[in-house]
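Residue numbers (the numbering used here): 767 to 859.
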Amino acid sequence: MGRLAGVVIGLEAAAVVVAYLAFGWPVLLIGIPALIGTAFVLLFVHLSEKPRARLQEARAARYEDAPVPGGLMSGFFEVPAPRAVVEVDHTRA
Numbered sequence: 767m768g769r770l771a772g773v774v775i776g777l778e779a780a781a782v783v784v785a786y787l788a789f790g791w792p793v794l795l796i797g798i799p800a801l802i803g804t805a806f807v808l809l810f811v812h813l814s815e816k817p818r819a820r821l822q823e824a825r826a827a828r829y830e831d832a833p834v835p836g837g838l839m840s841g842f843f844e845v846p847a848p849r850a851v852v853e854v855d856h857t858r859a
């Protein structure tokens with residue numbers, strides 16, 4: 767997540783610089799607060815991921831078997847396999 771956050775901040779900073787060069791200083795009135803807001807959001811997401819990861823580890827350690835993959839609708843849209851045809855022997859009476 768650190769690399770992705772760096773890419774987001776870098777691209778936003780590049781966009782602010784390009785807009786500054788194209789339109790002048792008024793762009794900074796919106797671009798700088800947006801850049802700072804993005805940094806705060808990414809920091810909040812980073813800090814909220816740590817407790818979630820600890821909770822997930824605690825839940826995984828609570829059970830011996832791993833949880834079954836999939837969810838409530840898992841397999842709902844899968845095409846069922848064809849049933850085997852059982853032949854009946856009518857020669858015996």
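For each residue, glycine too, the CB sits at the ideal point set by N, CA and C. Keep in mind the model is a prediction, meaning the values are calculated, not measured.
- Of the other Cβ atoms in all chains shown, 16 or more fall within 10 Å of the Cβ of GLY797; this residue is therefore buried.
- No Cβ-Cβ contact shorter than 8 Å links ALA805 with VAL793.
- Assigned with DSSP and collapsed to three states, VAL851 falls in coil, not helix or strand.
- For ALA771, the closest of VAL783, GLY803, ALA788 by C-alpha to C-alpha distance is GLY803.
- ALA826 and VAL854 have their C-alpha atoms spaced approximately 49 Å apart.
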